[in-house]
Amino acid sequence: MVTSLDHALCHRGIGDNGLEDCYLVGMDDVASRLGQNVRVLREGRGLTQAQMAKLAGMPRATWANLESGTANPTLAVLDRVAGAFQVTIEELIAAPQSGARHYPKGTLPEKMRGAALIRKLLPDPIPGMEIDRFELPPRVKVTGVPHTPGTREYLMCETGEIVLIASGEQYRLSPGDVVAFRGDQRHSYSNPTMKTAVAYSFVLITRRDGR
């Protein structure tokens with residue numbers, strides 16, 4: 037957990053859990069920036085205050101207070117909020133930046149899984165969701181990694197042909213085809229042709245606590 041911030045001072049106090057914690061003080065506009073950033077991040081993900089509060093493990097009233105721009109939260113609370121958004125605490129209280137940012141081709145995270153190239157489709161993570169672009173060379177097979185129980189996965193073929201094997205069943209996808217299947221089961225993707233195939237994977241992850 038972050039214990040000091042460049043843009044705010046800190047003093048000790050008793051948190052909601054009855055334990056000593058650190059509170060933000062100092063710059064007058066920290067709370068206002070926090071409220072604006074939290075609201076923009078939440079609305080950008082299309083989630084309600086109640087949904088984000090649940091992801092962060094806090095009451096909705098606490099979340100609403102954060103967005104009001106007048107809150108003086110502990111660093112423990114900020115740490116939960118940052119974790120729910122998958123951003124840093126510094127990003128939560130930073131001055132607003134331009135509403136748009138250009139990500140040139142090749143700047144988003146990518147990795148190789150065998151001979152297949154997997155790229156992140158979005159620069160900002162969405163809680164509970166993974167979105168990847170698969171590029172499978174000719175005659176390549178990729179074994180998927182089973183997710184937590186209850187996870188759903190959606191595979192869409194963009195170009196070429198993809199053969200999906202999930203739970204022992206085989207599905208052959210052409211451009212535009214989509215298959216929805218259980219992402220918590222063993223599965224694999226393969227390109228049976230002599231042309232490169234491209235597919236998109238959308239994974240809705242269920243947390244281990246069922247949420």
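With our numbering applied, the sequence shown closes on residue 247, and no number is skipped along the way.
Glycine included, each C-beta is placed from N, C-alpha and C at the ideal position.
For clarity, every value in this text was computed on a predicted model and none was experimentally measured.
Query raised in the report: Taking the Cβ atom as the reference point for each residue, do residue 219 and residue 239 lie within a distance shorter than 8 Å?
Result: In this structure, residue 219 lies near residue 239, with their beta-carbon atoms less than 8 Å apart.
Query raised in the report: Got a sec, what are the start and stop residues for the beta strand (DSSP E) residue 165 sits in?
Result: From DSSP, the beta strand (DSSP E) with residue 165 extends over 165–172.
Query raised in the report: For residue 205, which beta-bridge partners are listed by DSSP?
Result: 202.
**Report entry** According to DSSP, residues forming a beta bridge with residue 81
**Finding:** According to DSSP, which records beta bridges pairwise, residue 81 is partnered with nothing at all.
Requested in this report: Compute the Euclidean distance between the alpha carbons of residue 140 and residue 170, then round it to the nearest angstrom.
Outcome: Using only the alpha carbons, I get a separation of about 18 Å.
Query - Buried or exposed by the 16-neighbour rule on C-beta atoms within 10 Å, applied to residue 24 - result: Missing from the structure shown is residue 24; the chain here goes from 37 to 247 and no further.
Requested in this report: Throw me the rounded Cβ distance for the residue 92 and residue 117 pair, which I believe falls under 8 Å.
Outcome: Taking 8 Å as the upper bound for CB-CB distance, residue 92 and residue 117 are in contact here, some 5 Å apart.
Query raised in the report: Applying the criterion that 16 or more other CB atoms from any shown protein chain within 10 Å of the CB defines a buried residue, is residue 227 buried or exposed?
Result: By the 16-neighbour rule on beta-carbons within 10 angstroms, residue 227 is buried.
Query raised in the report: Is residue 189 helix, strand or coil when you go by DSSP?
Result: The answer is strand: DSSP assigns residue 189 an E or B state.
Requested in this report: Sort out for me which residues DSSP pairs residue 155 with in a bridge.
Outcome: As DSSP reads the structure, residue 155 sits in a beta bridge with 146, 169.
Query raised in the report: What are the boundary residues of the beta strand (DSSP E) that residue 131 is part of?
Result: Per DSSP, residue 131 belongs to no beta strand (DSSP E) and is neither H nor E.
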